[in-house]
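Just so you know, we're using the numbering used here here: the sequence shown kicks off at 1231 and counts up by one. Comments concern the structure below.
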Amino acid sequence: MFWKKKDQPQGQGITVQTGVVANALTIEALISVLIRKNVCTKDEIMDEIKKISDASRAQSQRPH
């Protein structure tokens, strides 16, 4: 990873909530950079999220 890992006592990890927040902030930062550098637009990102979400939903509803 590109950030410095904090020293934590052995056996202790982060909470799920902390992990979710960190993940959301990382994604938000990446999207901001892509938009600022004109790599893509916010609409393109939202369209891709919808496409992935729809595909995931269809996959989960398929009989196993």
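Note that the Cβ used here is the ideal one computed from N, Cα and C, for glycine as well.
Residue i, enclosing alpha helix (DSSP H) - first and last residue
{"i": "residue 1266", "result": "1246 to 1266"}
{"i": "residue 1291", "result": "1272 to 1291"}
Separation of residue j from residue i, as counted between CA atoms
{"i": "residue 1293", "j": "residue 1253", "result": "30 Å"}
{"i": "residue 1256", "j": "residue 1267", "result": "17 Å"}
{"i": "residue 1291", "j": "residue 1282", "result": "14 Å"}
{"i": "residue 1258", "j": "residue 1287", "result": "23 Å"}
7 Å CB neighbourhood of residue i in its chain, flanking five on each side removed
{"i": "residue 1272", "result": "1265"}
{"i": "residue 1244", "result": "none"}
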